[in-house]
Ligand SMILES: Cc1cc2nc3c(=O)[nH]c(=O)nc-3n(C[C@H](O)[C@H](O)[C@H](O)COP(=O)(O)OP(=O)(O)OC[C@H]3O[C@@H](n4cnc5c(N)ncnc54)[C@H](O)[C@@H]3O)c2cc1C
């Protein structure tokens, strides 16, 4: 999980992308599909809506444009709200606000949770996962994909799907397809603890300009508040550090929307990399150079929202190419979702403790994560092999103290108990 | 297709491994494609690097 673990976690409504683009098409369809995924996979998400806020008179014209664009893209129930209704809804909003575009179909999701839920369900239905292995070579014979070479062996295959995020260009090149150029654009964030989570009810965007979408402010599904991202072109795919300049930029941007935003409850900062394709749209389709190579690259925002729709499109591409797709009679669309110990009520916690006494040991106090949950994270269908992976599965170390009092010794002990030889690293 | 979840360690690439489809990338896009493909009766779908 590269960029999928460092983004805004917004399920965009779909008014932003230009009509007719893949971004627009898959955004709107993906937003609809998440409603089904919420029911089937128990993904944590909230349909809280979004507001594009106008602070200057010129902005009102842009809101009208976005409304028209959204309607053309098929986004339902968009409306422009006046100042009075807005301040009732968002009392912390800058009082100079003039109006906003309201999109009730926008939502927020935990990007980790969405990715893991999809992955776990895929594994449950027979997909095989190779963790932490790198594809080093794509084998091509007579112009057609023949297999992949990983750092642990060869897999013969007639089809390779290139969903390698910021590395999509290099993966294409491994097969001899040099057509994919990806620019890396960093976005930095500040995350606040849950005491600020109710500062806004919906996701707030400033009115976009020609050069920037601006700094967003929004709640997370876990009740935190985030501000960001900015946009900074970088050269290295590992460059996810944050910068002093970036922090100032996002604080200044966020305060245009919420002037009284204090910084006392900031708990961490992070950054993610957008994989920007040369023509600025998603690259989804068969390679023009190598048969059997299908690209799902250049998936920048709204890629999180669009992912389920991109998946549908990729399957159709495979079908069109002649891959025989008979339904899997054992496909189970539903994942049994688990309430975390923190989310359980007193009675359920008592039951959990009786079933597994390791629930009596709290490993992370801020997020109330138990040792039993750590053991489970190391044991699930897509098991955690690193401390970072344990974090995203359990939220251990993601609370106010950011792992300051996380009992990492206990995490390691738990890993040994389930027979994992893997040493836990603090970074993924 | 097998019953129940697969233990990742079971896959042995030292023997000749074959897959109908290999997905490179275990972010949200790779995961969504893997899940969509699991609706169909493919002999195997591999996908890489789900989490780091
Ligand atoms: C700052 C920012 C904010 C964003 N906000 C939003 C938002 O609010 N809403 C939204 O819808 N979208 C948003 N996005 C976009 C969204 O995060 C991405 O579109 C999405 O996460 C891309 O997923 P992916 O699976 O393509 O890539 P990734 O998550 O990067 O996954 C690619 C995977 O491929 C693996 N890989 C690469 N090369 C190889 C190899 N050779 N062998 C094996 N594995 C390999 C990597 O290790 C990685 O795990 C945002 C993006 C950024 C950067």
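Residue numbers (this note's numbering), protein chains in the order written: chain A, 1 to 428; chain B, 1001 to 1052. Glycine included, every Cβ here is placed at the ideal spot set by N, Cα and C.
Limits of the unbroken beta strand (DSSP E) element including residue i
{"i": "residue 246(A)", "result": "Where residue 246(A) is concerned, there is no enclosing beta strand (DSSP E), although the alpha helix (DSSP H) it sits in stretches over 244-257."}
{"i": "residue 108(A)", "result": "107-109"}
{"i": "residue 225(A)", "result": "225-228"}
{"i": "residue 137(A)", "result": "135-141"}
{"i": "residue 128(A)", "result": "128-130"}
{"i": "residue 1023(B)", "result": "1021-1024"}
{"i": "residue 79(A)", "result": "79-82"}
Partner residues on chain E for residue i, Cβ-Cβ distance less than 9 Å
{"i": "residue 26(A)", "result": "This model lacks chain E altogether, as its protein chains are A and B."}
Simplified DSSP state of residue i, which is helix, strand or coil
{"i": "residue 178(A)", "result": "coil"}
{"i": "residue 57(A)", "result": "helix"}
{"i": "residue 116(A)", "result": "helix"}
{"i": "residue 150(A)", "result": "strand"}
{"i": "residue 240(A)", "result": "coil"}
{"i": "residue 374(A)", "result": "helix"}
{"i": "residue 101(A)", "result": "strand"}
{"i": "residue 88(A)", "result": "helix"}
{"i": "residue 295(A)", "result": "strand"}
{"i": "residue 360(A)", "result": "helix"}
{"i": "residue 269(A)", "result": "strand"}
{"i": "residue 20(A)", "result": "coil"}
{"i": "residue 30(A)", "result": "helix"}
{"i": "residue 156(A)", "result": "strand"}
{"i": "residue 333(A)", "result": "coil"}
{"i": "residue 425(A)", "result": "Its pLDDT being 38, under 50, residue 425(A) is placed unreliably by the model, and nothing is read from it."}
{"i": "residue 162(A)", "result": "strand"}
{"i": "residue 365(A)", "result": "coil"}
{"i": "residue 171(A)", "result": "helix"}
{"i": "residue 1002(B)", "result": "Low per-residue confidence applies at residue 1002(B): pLDDT is 34, beneath 50, and the placement is therefore not dependable, though the value from the model is reported in the following sentence. Three-state result, residue 1002(B): coil."}
{"i": "residue 144(A)", "result": "strand"}
{"i": "residue 338(A)", "result": "coil"}
{"i": "residue 290(A)", "result": "coil"}
{"i": "residue 234(A)", "result": "strand"}
{"i": "residue 76(A)", "result": "coil"}
{"i": "residue 70(A)", "result": "helix"}
{"i": "residue 44(A)", "result": "coil"}
{"i": "residue 1009(B)", "result": "With a pLDDT of only 41 at residue 1009(B), under the threshold of 50, the placement of this residue in the model should not be trusted; the figure read from the coordinates follows. Helix."}
{"i": "residue 285(A)", "result": "strand"}
{"i": "residue 1050(B)", "result": "Residue placement at residue 1050(B) is flagged as unreliable, the pLDDT there being 46, under the threshold of 50; a coordinate-derived value is accordingly withheld."}
{"i": "residue 13(A)", "result": "coil"}
{"i": "residue 93(A)", "result": "coil"}
Pair within 9 Å by beta-carbon distance, residue i and residue j
{"i": "residue 317(A)", "j": "residue 283(A)", "result": "no"}
{"i": "residue 106(A)", "j": "residue 47(A)", "result": "yes"}
{"i": "residue 19(A)", "j": "residue 72(A)", "result": "yes"}
{"i": "residue 161(A)", "j": "residue 1024(B)", "result": "yes"}
{"i": "residue 376(A)", "j": "residue 399(A)", "result": "no"}
{"i": "residue 3(A)", "j": "residue 303(A)", "result": "yes"}
{"i": "residue 310(A)", "j": "residue 1033(B)", "result": "yes"}
{"i": "residue 110(A)", "j": "residue 50(A)", "result": "no"}
{"i": "residue 290(A)", "j": "residue 175(A)", "result": "yes"}
{"i": "residue 250(A)", "j": "residue 215(A)", "result": "yes"}
{"i": "residue 295(A)", "j": "residue 286(A)", "result": "yes"}
{"i": "residue 365(A)", "j": "residue 273(A)", "result": "no"}
{"i": "residue 1039(B)", "j": "residue 327(A)", "result": "yes"}
{"i": "residue 13(A)", "j": "residue 24(A)", "result": "no"}
{"i": "residue 159(A)", "j": "residue 293(A)", "result": "yes"}
{"i": "residue 341(A)", "j": "residue 369(A)", "result": "yes"}
{"i": "residue 335(A)", "j": "residue 40(A)", "result": "yes"}
{"i": "residue 373(A)", "j": "residue 385(A)", "result": "no"}
Residue range of the alpha helix (DSSP H) that includes residue i
{"i": "residue 396(A)", "result": "Residue 396(A) -> no alpha helix (DSSP H), and no H or E assigned at all."}
{"i": "residue 348(A)", "result": "346-355"}
{"i": "residue 312(A)", "result": "303-320"}
Strand pairing of residue i, partner residues [DSSP]
{"i": "residue 1033(B)", "result": "Looking at the DSSP assignment, residue 1033(B) forms no beta bridge with any residue, so it has no partner."}
{"i": "residue 205(A)", "result": "52(A)"}
{"i": "residue 261(A)", "result": "Paired residues: none, contrary to the question."}
{"i": "residue 429(A)", "result": "A query on residue 429(A) cannot be resolved here, the shown segment of chain A reaching from 1 to 428 and no further."}
{"i": "residue 219(A)", "result": "225(A)"}
{"i": "residue 186(A)", "result": "232(A), 273(A)"}
{"i": "residue 327(A)", "result": "1040(B)"}
{"i": "residue 25(A)", "result": "Residue 25(A) is not bridged to any residue."}
{"i": "residue 1017(B)", "result": "155(A)"}
{"i": "residue 191(A)", "result": "226(A), 268(A)"}
Residue i Cβ short of 8 Å to ligand 3 heavy atom set
{"i": "residue 250(A)", "result": "As presented, the structure is devoid of ligand 3, carrying ligand 1 as its sole ligands."}
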